[in-house]
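Number of protein chains: 2
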Amino acid sequence: MNLKAIQKICYGVYIISSKMDGKVNGQIANTAFQITSDPPTLAVSINKQNLTHKYIASSRVFTVSILSRFAPMTLIGKFGFKSGRDIDKFADTGHRMGTTGAPVVLENTVGYLECEVLSATDVGTHTVFIGKVVDCDVLGDAEPMTYAYYHTVKGGKSPKTAPTYVQEDSRPAGPVDTGKYVCNACGWVYDPAEGVPQIGIAPGTRFEDLPETFTCPICNAAKNEFSKV
Amino acid sequence: MNLKAIQKICYGVYIISSKMDGKVNGQIANTAFQITSDPPTLAVSINKQNLTHKYIASSRVFTVSILSRFAPMTLIGKFGFKSGRDIDKFADTGHRMGTTGAPVVLENTVGYLECEVLSATDVGTHTVFIGKVVDCDVLGDAEPMTYAYYHTVKGGKSPKTAPTYVQEDSRPAGPVDTGKYVCNACGWVYDPAEGVPQIGIAPGTRFEDLPETFTCPICNAAKNEFSKV
Chain A
88 MNLKAIQKIC YGVYIISSKM DGKVNGQIAN TAFQITSDPP TLAVSINKQN LTHKYIASSR
148 VFTVSILSRF APMTLIGKFG FKSGRDIDKF ADTGHRMGTT GAPVVLENTV GYLECEVLSA
208 TDVGTHTVFI GKVVDCDVLG DAEPMTYAYY HTVKGGKSPK TAPTYVQEDS RPAGPVDTGK
268 YVCNACGWVY DPAEGVPQIG IAPGTRFEDL PETFTCPICN AAKNEFSKV
Chain B
88 MNLKAIQKIC YGVYIISSKM DGKVNGQIAN TAFQITSDPP TLAVSINKQN LTHKYIASSR
148 VFTVSILSRF APMTLIGKFG FKSGRDIDKF ADTGHRMGTT GAPVVLENTV GYLECEVLSA
208 TDVGTHTVFI GKVVDCDVLG DAEPMTYAYY HTVKGGKSPK TAPTYVQEDS RPAGPVDTGK
268 YVCNACGWVY DPAEGVPQIG IAPGTRFEDL PETFTCPICN AAKNEFSKV
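These protein sequences, in sequence, are chains A and B. Going left to right, the first sequence walks through residues 88 to 316 as the numbering used here numbers them. Going left to right, the second sequence walks through residues 88 to 316 as the numbering used here numbers them.
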């Protein structure tokens, strides 16, 4: 059984949001898909450990923001690798309150859907929520981000709570010093050959020469949370 | 409510197969996704009208073949627009019987998964089957086909039983004779400017000049089942 076969399945990258008792939260998910066209229904798979799971189970509503290919890693890091138990993810994120009362992330979003939960199926670590679409719209014509693009082009990782999480082997193949450092929090690897041009770090910059204020572009972990690969 | 937002969700293109009473069948689906990683589980959304639905509900097993970008329209047409009630789709399709006893399509497949059904959720026109992966493998390194690629590059259509079906408007914008003909069965449009080079019909060939043996490359409908656009 070669589980890499599962990685051939195609996904997008979404922010799923919900509300509970006047509070709001959202999280990255790659598993959103249409179930029926009449009426239009959607399914999402949410880890029971996540705060958003608690909110959806309570309020029975959720929204799906479909991220564009241009969504920055900082947005994905905030919604994918931080918990709403620790920070207010919406404090500095462009959004509006939807007709369901749940927030809809608008920045770097090509379209959104608002859903009312019709059913919740327990699948061990996750719950599959199926929702009826009660509002939706297209926001611009940028290409949606695919999960493959996130992983291969943007160097993104999956948190351990993702349906698609696969234990990655970060040990070096041999005693070659590549100068790479791995984020202990999310697994993102800093490669000095590439730098991080999006945040002004030029290719060729050694990890040791990064400012002490450097944080992981995926999950915002501090520089001292990185280990040499 | 602009339902085009739903079309921004990213999908692959799969053949879902099953068995019942010594018979086998399979169908195209674009809605297969991973639910949990431990144990690995998958969900598929299958229209209740489809023969494959009956087989999965009965045998409680299904297989998923992940199609490559190079899968020909004839394969998609056979599994997506023909019914197993009328033809034996596996008679001339490369496959093998899986460990579940359901067939696994191997041609133009980049990977496959075999599943045992854990739950079936009724969602109106469709059932969401969630299955535990009991066998899977990668078959080559071709890029998987995405639903967007199928629609935009290959000119593919969705059957009316698809979760993602959207009524398409095939009326011309004005009284311009484009020479195009539409297949009444599946909605595929023959454009003389493009021809169908894959099956030897050169760009510039008028529909009227196609041989009477011409059939729709998507669903195999006969030439006389086409209407002028």
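No residue lacks a Cβ here, since even glycine has one placed at the ideal position from N, Cα and C.
Between the CA atoms of residue j and residue i - distance to the nearest angstrom
i, j, result
"ASN307 of chain A", "VAL269 of chain A", "13 Å"
"ASN89 of chain A", "ARG183 of chain A", "43 Å"
"VAL151 of chain A", "ASP296 of chain A", "39 Å"
"ARG172 of chain A", "ASP222 of chain B", "38 Å"
"THR341 of chain B", "ASN117 of chain A", "No information on residue 341 of chain B is available, as it lies outside the stretch 88 to 316 that chain B covers here."
"LEU193 of chain B", "GLY181 of chain B", "6 Å"
"SER155 of chain A", "THR233 of chain A", "9 Å"
"SER170 of chain B", "VAL276 of chain B", "21 Å"
"THR292 of chain A", "TYR98 of chain B", "38 Å"
Residue i classed as buried or exposed, judged by whether at least 16 other C-beta atoms fall within 10 angstroms
i, result
"GLN114 of chain A", "buried"
"THR265 of chain B", "exposed"
"PHE313 of chain A", "buried"
"THR139 of chain A", "buried"
"LEU162 of chain B", "buried"
"ILE217 of chain A", "buried"
"ALA235 of chain A", "buried"
"GLU299 of chain A", "exposed"
"GLY227 of chain A", "exposed"
"PRO126 of chain B", "exposed"
"ASN134 of chain A", "buried"
"PHE149 of chain B", "buried"
"ILE363 of chain B", "Outside the shown range of chain B (88 to 316) lies residue 363 of chain B, about which nothing can therefore be said."
"PRO290 of chain A", "exposed"
Delimiting residues of the beta strand (DSSP E) encompassing residue i
i, result
"TYR268 of chain B", "268-270"
"VAL191 of chain B", "190-192"
"ILE74 of chain A", "Because chain A in this structure spans residues 88 to 316, residue 74 of chain A falls outside the shown range and cannot be described."
"MET184 of chain B", "182-184"
"ASP222 of chain A", "213-225"
"VAL205 of chain A", "As written in the sequence, residue 205 of chain A is Leu, which differs from the Val given in the question. That run of the beta strand (DSSP E) goes 196-210."
"GLN94 of chain A", "That residue, GLN94 of chain A, is in no beta strand (DSSP E); it is neither H nor E in DSSP."
"THR123 of chain B", "119-124"
"LYS110 of chain B", "110-116"
"THR313 of chain B", "According to the sequence shown, residue 313 of chain B is Phe rather than Thr. Looking at the DSSP string, the run of the beta strand (DSSP E) that includes PHE313 of chain B is 313-315."
"SER105 of chain B", "101-107"
Span of the alpha helix (DSSP H) around residue i
i, result
"ILE163 of chain B", "160-168"
"ILE143 of chain B", "138-146"
Selection from the options that minimises the alpha carbon distance to residue i
i, options, result
"SER132 of chain A", "A:THR196, A:PRO126, A:VAL100 and A:VAL111", "A:VAL100"
"GLY198 of chain A", "A:LYS267, A:PRO231 and A:ARG147", "A:PRO231"
"THR208 of chain B", "B:ARG293, B:ILE143, B:TYR277 and B:VAL192", "B:ILE143"
"GLY287 of chain A", "A:TRP275, A:GLY274, A:VAL276 and A:PHE301", "A:PHE301"
"LYS247 of chain B", "B:LYS110, B:ILE102 and B:GLN136", "B:GLN136"
"PRO304 of chain B", "B:VAL225, B:CYS273, B:THR292 and B:ILE96", "B:CYS273"
"SER146 of chain B", "B:LYS176, B:GLY164, B:GLY109 and B:ASP179", "B:GLY109"
"SER206 of chain B", "B:THR128, B:SER104 and B:SER245", "B:THR128"
"THR212 of chain B", "B:PRO250, B:ALA280, B:ASP125 and B:PRO126", "B:PRO250"
"ALA119 of chain A", "A:VAL220, A:PHE168, A:LYS106 and A:THR186", "A:VAL220"
"PRO284 of chain B", "B:MET160, B:ASN134 and B:LYS95", "B:MET160"
"THR186 of chain A", "A:LEU200, A:PHE168 and A:ASN271", "A:LEU200"
"LYS106 of chain B", "B:LYS176, B:THR123 and B:GLY164", "B:LYS176"
"ALA189 of chain B", "B:GLY164, B:ASN311, B:ILE103 and B:ASP224", "B:ILE103"
"VAL111 of chain A", "A:TYR237, A:ALA178 and A:LYS315", "A:ALA178"
"VAL215 of chain A", "A:VAL225, A:HIS238, A:ASN271 and A:GLN121", "A:GLN121"
"SER245 of chain A", "A:ASP224, A:ALA158, A:GLY282 and A:PHE168", "A:PHE168"
Under 7 Å from the C-beta of residue i: neighbouring residues of chain A
i, result
"MET88 of chain B", "ASP222 and CYS223"
"THR128 of chain B", "VAL210"
"ALA119 of chain B", "ILE96"
"PRO231 of chain B", "LYS95 and CYS97"
Residues that residue i contacts on chain A, provided the C-beta gap is smaller than 8 Å
i, result
"ILE305 of chain B", "Simply none; closest approach about 19 Å."
"SER132 of chain B", "PHE120, GLN121, ILE122, THR123 and ALA130"
Listed by chain order, chain B residues near residue i by CB distance under 7 Å
i, result
"LYS91 of chain A", "VAL225"
"HIS213 of chain A", "ILE122 and THR123"
Residue i beta carbon near the ligand GDP (any heavy atom closer than 7 Å)
i, result
"PRO126 of chain B", "The ligand content of the structure shown is nil, which means the ligand GDP is not present either."
Residues that residue i contacts on chain B, provided the C-beta gap is smaller than 8 Å
i, result
"LEU335 of chain A", "Residue 335 of chain A is absent from the model: chain A starts at 88 and stops at 316."
"ILE153 of chain A", "ALA92, LYS95 and ILE96"
Neighbour list for residue i in chain A, Cβ cutoff strictly below 9 Å
i, result
"VAL197 of chain B", "ALA92 and LYS95"
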